[in-house]
Each structure stands twice: as structure tokens, then as C-alpha cells.
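Structure first, commentary second.
There are 2 protein chains.
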Amino acid sequence: MNPERTKATIFDVARQAGVSIKTVSRVVNNEPNVRQRTREKVLRSVQELRYQPNAAARELGGKRSRVVGLIYENAQEFSYLNDLFNGALHICEPAGYTLLLRPLTLPDPEITEHIRQFALNARVEGFVLPAPLGDLPEVTALLREMKIPFAAITPRESAPDEINILCNDEAASFSLTELLIDQGHRTIGFIKGHPDHGASAKRFAGYRQALKKHSLPYSARLVRQGYFDFDSGQAAADKLLNLSEPPSAILASNDDMAAGVIFEARGRGLSVPGDLSIAGFDDTRFSSRIWPPLTTVRQPIIKMAETAAGLLIDKLNGSATKAPEAPFECEVVIRESTAFLD
Amino acid sequence: MNPERTKATIFDVARQAGVSIKTVSRVVNNEPNVRQRTREKVLRSVQELRYQPNAAARELGGKRSRVVGLIYENAQEFSYLNDLFNGALHICEPAGYTLLLRPLTLPDPEITEHIRQFALNARVEGFVLPAPLGDLPEVTALLREMKIPFAAITPRESAPDEINILCNDEAASFSLTELLIDQGHRTIGFIKGHPDHGASAKRFAGYRQALKKHSLPYSARLVRQGYFDFDSGQAAADKLLNLSEPPSAILASNDDMAAGVIFEARGRGLSVPGDLSIAGFDDTRFSSRIWPPLTTVRQPIIKMAETAAGLLIDKLNGSATKAPEAPFECEVVIRESTAFLD
DNA sequence: ATTAGAATTGACAACGCTGTCAGCTTGCTG
DNA sequence: CAGCAAGCTGACAGCGTTGTCAATTCTAAT
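Sequence order for the protein chains is A and B. Just so we're aligned, residue 1 is where the first sequence starts under the working numbering, counting upward by one. Just so we're aligned, residue 1001 is where the second sequence starts under the working numbering, counting upward by one.
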């Protein structure tokens, strides 16, 4: 049959189970001090009546709002956000938490005020903080001041007691660079990511390490600053390709910039990967849809978001703090934008 | 100074203004039967104390949850979702409504059950229904049965009393086809969109109308069914390009499929737009980032979402029903994937 | 002035849950 | 078998708002 027309209240369950509402409350909230038999009896009634606690009453009565906030930079690649959102939602929902999204437009001089308002108005109990928000000191400082726990998904230096989800950006960048070196490339351009993202430094470090390992000289001229957007990638490619000794491969710190590089290369009549190999980072939705399909690095965003939300909720529920997670593994995805140098 | 440490309650406002809490409630909820002078006095106290009603208490006391649900197909193009979300949020927030997102994976045989659960658990008062959800009869039927108002953003036949936001897909498709005809194309392939989307039929109709106006013959062989995804676009292009008399231009019902067409063309060594002109629909994020940049149609999604949320909230607030909006105007964006036939 | 009727205001009981604390059961110990 | 601590359970008072309805104040027509 269909679910009941009128939602059952805690009172109904209590009556059905022959206990007080307080006992039902204890069972539903998984509190101690309930005899096993009683617990089972109550649980049975909960099932039968399809009882779902009323969130508003819960919040009003207790102190818990069970709201998790996910704030993010509005300009972000949305496939990333989508994974993030789906991962977090997938954990929050069954745990009885509401996930609230809040886009932020960066740079925002009043960012702390905006976040504070959001936290207050939406009664946010904990935040999921993807890059680059977890990288902004004023944001983490605010949250600490407000005593709101958060789980940062970004390679920041982890503070004790704070939840940090990271992936091995550096190793992935190293592998990607090594791939190009193995393909015979000796002058490899690098386009750095936005300096406000912790991942940018990691990716750059991986590049340098790979050069070093293979005894290739590092040249600052082959490195340009980018900002994770298409245009800055294209502009950086323009500079790199104008060098007297242009690179035969360019590694961009994300796919948007890599797309900009491809765009610039095509505009100059260069064939990719024939004349120029190009690799990106992130495996965004379009990276397999452009021509040529992009060699890139895939992060397990969904898993990372799930873990972030899970640890955060554990913390909100007062569970024991888990040991910090090992970094998640990135995966190099080799497609057709990179090739052997002939 | 910073906002108050402890949030002010209605009681504080009442005391400050020298009225009863009920009167404050009336003012805050914009109810009638409050003398102008009293209203102003209360409003002043509200400002001074930065009073924000407690959402949980409000919901528990009254019947209103002030939650607007936005359900969407998870596979949707994200830039579209992002616009949708930002537009809706931009209206909901200042109106004191919480916007809750809920991705759905289609096809879903239990879709009504999932939506029902979401509506019940999250106490959703009204839904924003983007395509293709607004096109599914079981979804609209469920919402009608549950007596939950909704605003559909899709070209469905509008029922009386229901909110419908549409844009002139048909006219835009007509213009786009006409553009190709003006460029000298005479055999123009068309890839239909997903049959479950109301927009698909409209876009196809625009194509046929344009052919008719210019007295070009309609050939069913030049039309293939697609499903709005990259792969179906590529597959359709494969068939079309294998025709004994292949088209010199292909119009895809969205950008993902157009990207598939470009991909297929490149795979065959065809130059775009030299050998084949290609146009899409939607102006997604990557359409200007691929090579060649895509000629496409941009919909004012943000505005449409704002309007949808606005009308929905008006309805929830019991305001007078506005006259139905005129369809929103789409804009043809001409880029480099289309060119004159030489 | 007077008074019906409309406009305005306030007292008070919900709303469904959790926190507090007192009271009742157990199971053990001596 | 009394005595006591630990385990379990329930009564009851909020939480901050809105709905109801009665009380009060206006308004305007006698």
C-alpha cells in the first residue's frame, strides 16, 4: 500500500509500542540506556508506522539542525561540483542530514560575512569545504571562530582535529609528466593553476620532480601562471608557443586550460598531438568530447565527497574521531592529445 | 559591529516595540490588520535587533515549511543545472525560502515513489520542474495528486492554473536552420533530441518550417533520432555521413550531440566547417571551448529559473495568479562551426 | 453623543520533539 | 534478604513560532 496519508508522530509510535515518547526518542536517536527488548519493540512500531521524525520539531526541541552546508565557488567546473554534490548527498541523506548548497562568487571581499549569514540563517552545523574555499585562511578562521566543524577537500596542511580529504595530486602530476618524457618530449611546458588552490602547488611540484628524476633541465621560461580558466590557458599557450624554442608538449594544471591550449594550437594551425602534445587535469565532462580527446587525470571526487561528508557527520554525531584517511588515488587517463615525439 | 551573538527572538522584538508577539508575527508575515504606525514601529525593532524568524519554530507552529524543491535529471548538462540553480536560489533566498536539490537518475521506474519520499521528508511546498521532469506525465500527475504546486520549465502544453515557463525553441530552431540555408546549404541533416523532452518536438518543428519556407524538400533520411548525449550524436552523424548523398550541414538538437558530430567528422578527416557545417543548441559551457567553437542557441536559463521560482513562490504565498508569461527569447549564437558552402 | 460594525490587538494553546530529572527496576553484594 | 548502584523509563517543561478567538479600539453613521 501507499505510505500513510498522515505522517505518524512520535506519539503514535509510543502508543503502538506501549512506551513513553521519550523512550521512542531514545531509540530513534540511538541513545544508550534502552533495554534491547524495548528497543526492538519500538523499532518494530517505527517500521510499521513508517515513522519519520519531524525535522522542525527536532530542531526546535533539541539543539541540532542536522544541516550540512556545502559552499563552493560558483565559477567552478560544474561536473566537479556535481560529483561533489552527489557524493555528499549520498551520505547526508540516509544519515538524516539536509545538504544545503551555497554558491559564492570569488573573489569576494565580504566572504566571511556571507558565510556567516548563511551559517546563521540556515543553522548550518558543519561545512563541506571544497577547493578553493578550504584554502582560504579567512574562511577556515571564521569557521573555527564560529566553532562550526568542517571537512576540507583540498591539499591544505591539515590541522589537528580538522578533517582533511586529499588526493595525491603530486604523484599524479609526476606520472603525467613522466608519461610525456617517456614519449620522448624534452621541452615540456607547464601552466600553473590558480595560486589560491592548494592543488596548484602540488601539481607543479610533481612536474618538477619528474623533470629532476629524468635529469631534464628546469626552465622557468617553460612555466606560465594560469588561473584554471580557458582564457588563461590560451594566453599561456600563446606565450609558450612564441618562445624561440617552443615546447613539444604542454601540461596544463586543469582541463579548462588544456582546452585553451588546444584552441590556441589549432588557431596556429598546429596539429595536436602531431606538433604538440597536451595534457590536462581533472577529467571534466568535455575532456573526452573535444578533439582530440584529452589525456588527463581523474580524481575520485565522488568518493572524496562521500568521505568528507561521512567524517563530518561522524564528528557532528559525536562519534570517535577516525584516523586520518590516506590520500585518495588519482588515475591518469591516457587519450589522444598526447603522442610520441617523432 | 558584528551581528548579535545570540539571535533575537520574536519575543525580544515584541518587548522592544511594546506590542504582543502576535503582532510582530503579523508584521513579519506581512499580514493585514495591522495599523500602519504599529507596523512601522515593529519593523524598526526588527531592523535594530536584526531579527530573523526561526525557521524550525515557524514550520512547527504554522503549516508552512518554506521549502522549494528542485528536482532534476542527474545526467543533465551541468552548466544548465548551474544556471537553473543559481536563478532559483537568487529568488528563493531573499523570499525566505530554502531551495533543496534532488537529483534523479532516469529512467527510474520508481520515480514517483522517490519524489513522494523527497516531498514528504523534506516537507517540500512547491517544485521547480525543469525538463525533462516537467514532461513526464507521472510526475505532474503525482504532484497534482499530492496537491503540491509546481513550476515547469519546459514546453509542455500548459494546464490552466499551472505555472509554465517556456522559451521559443521553435523559432530559434527555425532561425538556425534558416541561417544554414542562407549559407547555401541544401541538404541539412537533423538530429532529434530525446523524445521525452518537450523541446525536442519544438526544435524539430522549427527545422521543418524553415525547410518549407525556403521550399526545400524534407527527407526523412536526413533526420536521425538522438538522445541528447554525445554518443547518440556521434552515432547519428555516422549514419548521416554514410548516406550516398550526405548532408553539407548537420543541425543537432543540443550541444552534446553536436560535439559528437564534430568528433565523428574529425575522425573521418572532414574539416569543420569546410566540409561540414555543424550547429547545436543550448550554448553549454564547452561549446565555445571546442574547436571549432560551436554555432548554437542560448536560452536565458537564469531568467527562466528566476521567473519559475518567483511565480511559484507567489503562488505559495497566496498572491494573485499572474497572467502567463510570454515565452522567453532564445538567441542564436553564431560561431565558427558553420560556414558558407562554396 | 451613541453605537453597530469593522479594524486592530493580544492571550493562550498548540506544533512534535528533546533535555532534565525523578522514579522505578534490576542485579549484585554483603 | 536487605541495601545499593547501575540500568532503564517516563513526566513534564520548554523550544519560537502561528492559529484561534476573544477583547479592545476605531470609524462612521445615526
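Beta carbons are placed, not taken as given, at the ideal position from N, Cα and C, and that holds for glycine.
Pull up the distance between the alpha-carbon of residue i and that of residue j, whole angstroms please.
i       : j       : result
B:S1337 : B:A1131 : 27 Å
A:D275  : A:H197  : 31 Å
B:R1050 : B:R1039 : 16 Å
A:Y218  : A:P327  : 28 Å
A:K192  : A:L43   : 55 Å
B:K1022 : A:N121  : 22 Å
A:F340  : A:R289  : 22 Å
A:A355  : B:Q1016 : Chain A is shown from 1 up to 342; residue 355 of chain A falls before or after that span and cannot be answered.
B:K1212 : B:A1201 : 16 Å
A:R144  : A:D161  : 11 Å
A:D352  : A:G96   : Lying outside 1 to 342, the shown extent of chain A, residue 352 of chain A is not represented and no answer is given.
B:S1079 : B:D1282 : 10 Å
B:L1240 : B:V1333 : 24 Å
A:N2    : B:R1123 : A caution first: A:N2 carries a pLDDT of 41, below 50, which makes its placement in the model unreliable, though a value can still be read off. Using only the alpha carbons, I get a separation of about 17 Å.
B:E1077 : B:T1284 : 7 Å
B:I1091 : B:T1105 : 26 Å
B:N1363 : B:P1107 : Coverage of chain B is limited to positions 1001 through 1342, which leaves residue 1363 of chain B absent and any answer about it impossible.
A:S319  : B:A1305 : 40 Å
A:A172  : B:C1330 : 42 Å
B:R1058 : A:G62   : 15 Å
A:P53   : B:F1286 : 44 Å
Please confirm whether residue i has its beta-carbon closer than 8 Å to some beta-carbon of chain B.
i      : result
A:L303 : One detail in the question is off: residue 303 of chain A reads as Lys in this sequence, not Leu. For A:K303, the answer is no, since every Cβ of chain B falls outside 8 Å of its Cβ.
A:F174 : no
A:P130 : no
A:L166 : no
A:L101 : yes
Report the three-state DSSP secondary structure of residue i (helix, strand or coil).
i       : result
B:K1007 : coil
A:V297  : strand
B:S1065 : coil
A:T284  : coil
A:R102  : strand
A:G96   : coil
A:E73   : strand
A:P130  : strand
A:V333  : strand
A:L216  : coil
B:R1037 : helix
Looking at the C-beta of residue i, does it have a partner C-beta in chain A at a distance below 8 Å?
i       : result
B:N1317 : no
B:L1081 : yes
B:N1086 : yes
B:F1286 : yes
B:P1246 : no
B:N1121 : yes
B:P1109 : no
B:M1001 : Because the pLDDT at B:M1001 is just 38, under 50, the model does not fix this residue reliably, and the value given afterwards should be weighed accordingly. For B:M1001, the answer is no, since every Cβ of chain A falls outside 8 Å of its Cβ.
B:D1259 : It is worth fixing the name first, because residue 1259 of chain B is Ala in this sequence and not Asp. It does: the Cβ of B:A1259 has a partner Cβ on chain A nearer than 8 Å.
B:F1078 : yes
Near residue i, which residues of its chain fall below 6 Å by C-beta distance, leaving aside the five closest residues on each side in sequence?
i       : result
A:F190  : Y207, V223 and L251
A:Q234  : G260, F263 and E264
A:A236  : I191, R224 and G226
B:F1204 : K1192
Within the same chain, show all residues whose beta-carbon is closer than 7 Å to that of residue i, passing over the 5 residues directly before and after it, in chain order.
i       : result
A:T307  : I165 and E325
B:A1008 : L1049, R1050 and Y1051
A:D135  : T154, R156, D196, H197 and G198
Suppose the cutoff is 8 Å on Cβ atoms and the five residues either side in sequence are ignored; what does the same chain contact list for residue i look like?
i       : result
A:E4    : Summary for A:E4: the model assigns pLDDT 49, below 50, so the residue's position carries little reliability; its value from the coordinates is reported in the next sentence. Closer than 8 Å at the Cβ level, and outside the excluded window around A:E4, lie L49 and R50.
B:E1245 : T1187
A:Q183  : A249, S277, T338, A339, F340 and L341
A:L70   : L84, F85, A88, L99, L100, L101, R102, F127, V128 and P130
B:F1230 : D1256, M1257, A1259, G1260 and F1263
A:E178  : A210, K213 and H214
Along the segment 1263-1274 of chain B, what residues have a CB closer than 7 Å to any CB found in chain A?
F1263 and R1266
Contact residues within the segment 1050-1072 of chain B, judged by C-beta distance below 7 Å to chain A:
So the list reads Q1052, A1056, A1057, E1059 and L1060, given in the order they occur along the chain.
When Cβ atoms are compared, which residues of the segment 288-299 of chain A fall closer than 9 Å to chain B?
S288, R289, I290, W291, P292 and P293
Could you list the residues in the segment 218-242 of chain A with a C-beta less than 8 Å from some C-beta on chain B, going in chain order?
F230
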